[in-house]
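Chemist: Here it is, the structure, as structure tokens.
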Amino acid sequence: MTSSNLYKQLDKSLQYCSFDSRKFLPRDKLDEIITKESIKNELPRSFKDHFRSDGITARLVQGARKLVAILIFIGERGAVKKIIRDDGLTDEDLPFRPAKNTDNGSIVESARGKTVRSFVCLKSDAKVGTFLEKQWLFLAPVLDNTGASIPLDSQCPLPFRDVEEVKGHYENTVYKAELHRSHLAGATKNGGKIMIAVKEFKKEKYFLKEAKNLEQVRKLHDDNLIQHMFCCERKTKFFIVFPWANGGNLKEFWERNTNGRQSRDLTLWCLQQMLGIAHALRTLHGANFRHGDLKPENILHFDEGSPQHKLVIADVGVSRIHLQDTDLRAGPTTTKATTPSYEAPEVYLHKKEPRSRQYDIWSAACIFLEFIVWMVHGVGAVENFAVARCWGEPEMKAWFFIETQGRAEIHPAVIQAIKALRGDPSCRRGTALGDLLGLITNDLLQIQVSDRAKAAVLYKKMHNIVLRVKSDPRYLPQIVPGTQELAAVFQKQEILGEMQTYTAEA
1 MTSSNLYKQL
11 DKSLQYCSFD
21 SRKFLPRDKL
31 DEIITKESIK
41 NELPRSFKDH
51 FRSDGITARL
61 VQGARKLVAI
71 LIFIGERGAV
81 KKIIRDDGLT
91 DEDLPFRPAK
101 NTDNGSIVES
111 ARGKTVRSFV
121 CLKSDAKVGT
131 FLEKQWLFLA
141 PVLDNTGASI
151 PLDSQCPLPF
161 RDVEEVKGHY
171 ENTVYKAELH
181 RSHLAGATKN
191 GGKIMIAVKE
201 FKKEKYFLKE
211 AKNLEQVRKL
221 HDDNLIQHMF
231 CCERKTKFFI
241 VFPWANGGNL
251 KEFWERNTNG
261 RQSRDLTLWC
271 LQQMLGIAHA
281 LRTLHGANFR
291 HGDLKPENIL
301 HFDEGSPQHK
311 LVIADVGVSR
321 IHLQDTDLRA
331 GPTTTKATTP
341 SYEAPEVYLH
351 KKEPRSRQYD
361 IWSAACIFLE
371 FIVWMVHGVG
381 AVENFAVARC
391 WGEPEMKAWF
401 FIETQGRAEI
411 HPAVIQAIKA
421 LRGDPSCRRG
431 TALGDLLGLI
441 TNDLLQIQVS
451 DRAKAAVLYK
461 KMHNIVLRVK
471 SDPRYLPQIV
481 PGTQELAAVF
491 QKQEILGEMQ
501 TYTAEA
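Per the UniProt record's numbering, the very first residue in the sequence shown carries number 1; after that it's consecutive.
Structure below.
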């Protein structure tokens with residue numbers, strides 16, 4: 001095999017990462033191309049026998065495969081003997097940099113701080129410069145799933161493919177990408193694509209804050225809380241990488257799964273997911289952590305195939321950790337990253353007061369109520385219900401409460417929605433959905449913060465509902481769409497400039 005053929009194999013195997021406009025050689029391709037046999041065939045005839053006799057070929061494959069590949073790639077296979085064999089350099093010495101305090105461009109410094117003079121065998125400073133440039137093609141890191149923070153050189157390529165922007169924000173941008181399988185520690189050789197979400201931060205302070213929060217969340221070991229895979233810092237670039245939720249978010253799940261009659265298994269799965277969300281809130285609140293931005297868009301659906309697919313709370317890192325173990329703190333909470341539709345009334349009635357963990361309970365109540373509406377009537381009813389809550393709002397904010405004369409009340413449309421659901425056979429008292437409605441009405445959707453149930457109570461009551469469903473099939477009646485006339489609050493309507501009239505009886 002000639003040098004040009006081996007070069008062509010390496011060049012052809014390079015992958016392009018549009019995320020940073022760099023190419024990289026996947027680790028599995030390096031192992032496939034640079035083998036003992038290919039090295040033997042590549043060595044100059046003048047010292048091939050000598051290399052074979054002292055077993056250096058095996059050592060090259062084991063410890064200097066990248067170095068060999070770089071030298072072959074820049075057309076300097078003859079330098080293998082001097083740089084690797086005689087000086088004992090290995091892949092651990094990569095990357096090399098120009099040595100400090102010298103004008104000699106052929107003198108370089110290894111990653112281990114060793115001054116290396118053997119690069120003079122490359123004959124010119126320009127050739128050494130080519131080595132220093134091309135070495136990065138072979139240095140894409142092997143990453144892991146432990147939440148580690150990985151500092152990267154500004155020239156280091158990332159082993160990502162098929163990168164596309166999915167969401168932009170003034171503080172960060174989220175990309176969907178494929179992490180090359182051979183660059184994830186512990187990944188098997190065969191398997192599906194490893195899809196990831198790459199969150200790029202424009203400012204270091206936001207990156208550091210979220211990374212710190214996520215590190216603490218990771219220690220909670222809750223399956224219903226998002227776990228980041230790793231963090232990367234590269235000069236002025238900052239990234240946090242998460243597993244990609246191939247099922248989208250909860251809102252998208254509702255939109256995709258509205259096909260008439262809902263099976264009992266799906267209804268049970270929904271209740272189990274609400275139980276999982278309650279468990280996650282119990283975990284967060286028990287660690288003095290508040291999410292603060294709970295909404296369907298921040299609840300991800302990991303569709304790993306039934307029955308393992310599950311809902312996971314995301315964007316936990318943007319919330320604020322409360323170190324004081326009290327529900328009401330002495331100072332105002334400064335975090336402001338919430339969605340108006342699911343915001344609790346205290347954020348507007350008591351703007352300067354601290355926000356408690358019970359804020360999340362209100363948001364969960366709103367989501368659970370919409371969950372029931374979706375289960376019984378489908379996504380169209382969820383959307384129409386939101387429109388029914390939009391009155392006199394130029395920005396169309398679908399609150400679950402109204403503010404009148406400095407005080408808050410449950411939105412009349414919410415009261416009417418609960419009343420309408422109570423009339424459905426699947427939601428009557430004594431049924432699973434009926435008891436869930438009671439939990440929402442009596443314990444969660446309360447204007448006064450002190451009247452809302454703690455997350456531990458929410459979890460316990462949800463757990464009891466799910467347990468009873470599993471033991472008593474009659475407790476979860478079959479949901480049959482269209483058995484009753486659709487209430488006005490769930491019907492399509494125009495957004496009015498005044499509040500629509502709904503009966504305030506539940």
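Glycine residues also receive a C-beta, built at the ideal position from the N, C-alpha and C atoms.
Among all the DSSP beta bridges, which residues are the ones paired with Met462?
Modeler: According to DSSP, which records beta bridges pairwise, Met462 is partnered with nothing at all.
Chemist: By how many angstroms is the C-alpha of Pro98 removed from the C-alpha of Val108?
Modeler: So the alpha carbons of these two residues sit roughly 4 Å apart.
Chemist: Going by the beta-carbon positions, is the gap between Phe242 and Cys231 smaller than 8 Å?
Modeler: No, the pair does not count as a contact, with Cβ atoms beyond the cut-off.
Chemist: DSSP beta-bridge partners for Glu76?
Modeler: Its beta-bridge partners do not exist; DSSP assigns none.
Chemist: Note down the Cα distance separating Arg93 from Thr115, rounded to an integer number of angstroms.
Modeler: Per the sequence presented here, residue 93 reads as Asp, with Arg not at that position. The straight-line gap from Cα to Cα measures roughly 10 Å.
Chemist: Applying the 10 Å Cβ sphere with the 16-neighbour rule, what's the burial state of Asn249?
Modeler: Buried, by the Cβ-count rule.
Chemist: Sorted by chain position, which residues of the same chain lie with C-beta nearer than 6 Å to Leu60's C-beta, five sequence neighbours on each side aside?
Modeler: Cβ neighbours of Leu60 beyond the five flanking positions: Ile39, Val68.
Chemist: Please go through the same chain and pick out, in chain order, the residues whose beta-carbon is closer than 6 Å to the beta-carbon of Ile440, but skip the five residues on each side of it.
Modeler: Ala365, Phe368, Leu369, listed in sequence order.
Chemist: Per DSSP, which one or two residues make a beta bridge with Cys231?
Modeler: DSSP output for Cys231 lists Ser149, Ile240 as bridge partner(s).
Chemist: If you follow the alpha helix (DSSP H) that Leu439 is part of, which residue opens it and which one closes it?
Modeler: From DSSP, the alpha helix (DSSP H) with Leu439 extends over 432-439.
Chemist: If we ignore side chains and look at the alpha-carbon of each, how far apart do Leu225 and Ala245 end up?
Modeler: Taking the straight line joining both Cα atoms gives about 13 Å.
Chemist: I need the straight-line Cα distance from Asn213 to Asp103, nearest angstrom please.
Modeler: Between Asn213 and Asp103, the C-alpha separation is close to 46 Å.
Chemist: Any idea which residues DSSP pairs His301 with across the strands?
Modeler: Note: His301 sits in a beta bridge opposite Leu311.
Chemist: Cutting at 7 Å between CB atoms, please list the residues of its own chain near Arg264, excluding the five before and the five after it.
Modeler: The answer, listed in chain order, is Leu476, Gln478.
Chemist: Any contact of the stretch 128-143 with the stretch 193-213, i.e. 3+ C-beta pairs under 8 Å?
Modeler: Taking 8 Å as the limit for Cβ pairs, the verdict is that the stretch 193-213 does not touch the stretch 128-143.
Chemist: Can you grab the Cα-Cα spacing for the pair Leu275 / Lys100, in whole Å?
Modeler: Near 60 Å, if we compare the C-alpha coordinates of Lys100 and Leu275.
Chemist: Which residue comes first and which comes last in the beta strand (DSSP E) that contains Gly286?
Modeler: From DSSP, Gly286 is part of no beta strand (DSSP E) but of the alpha helix (DSSP H) over 264-286.
Chemist: Our contact map puts Leu271 next to Ile465 with C-beta atoms below 8 Å; I'd like the distance itself, whole angstroms only.
Modeler: The Cβ separation is near 6 Å, so the contact holds.
Chemist: Can you tell me whether Gln448 is buried or exposed? The criterion is at least 16 other CB atoms within 10 Å of its CB, across all chains shown.
Modeler: By the neighbour-count rule (16 or more Cβ atoms within 10 Å), Gln448 is not buried but exposed.
Chemist: Rounded to whole angstroms, what is the Cα-Cα separation between Leu444 and Pro141?
Modeler: The alpha-carbon atoms of Leu444 and Pro141 are separated by roughly 47 Å.
Chemist: For the putative contact between Leu152 and Arg234, defined by C-beta atoms under 8 Å, what is the C-beta separation to the nearest angstrom?
Modeler: Indeed they touch by this definition, with Cβ atoms about 4 Å apart.
Chemist: Can you give me the C-alpha to C-alpha distance between Leu458 and Ala278, rounded to a whole angstrom?
Modeler: Going by the C-alpha atoms only, they are around 6 Å apart.
Chemist: Would Ser106 and Asp125 qualify as a contact pair, given that the criterion is a beta-carbon distance under 8 Å?
Modeler: Their beta carbons are under 8 Å apart, which means Ser106 touches Asp125 by this criterion.
Chemist: Starting from Lys205 and walking both ways along the alpha helix (DSSP H), at which residues does that stretch end?
Modeler: Residues 204-218.
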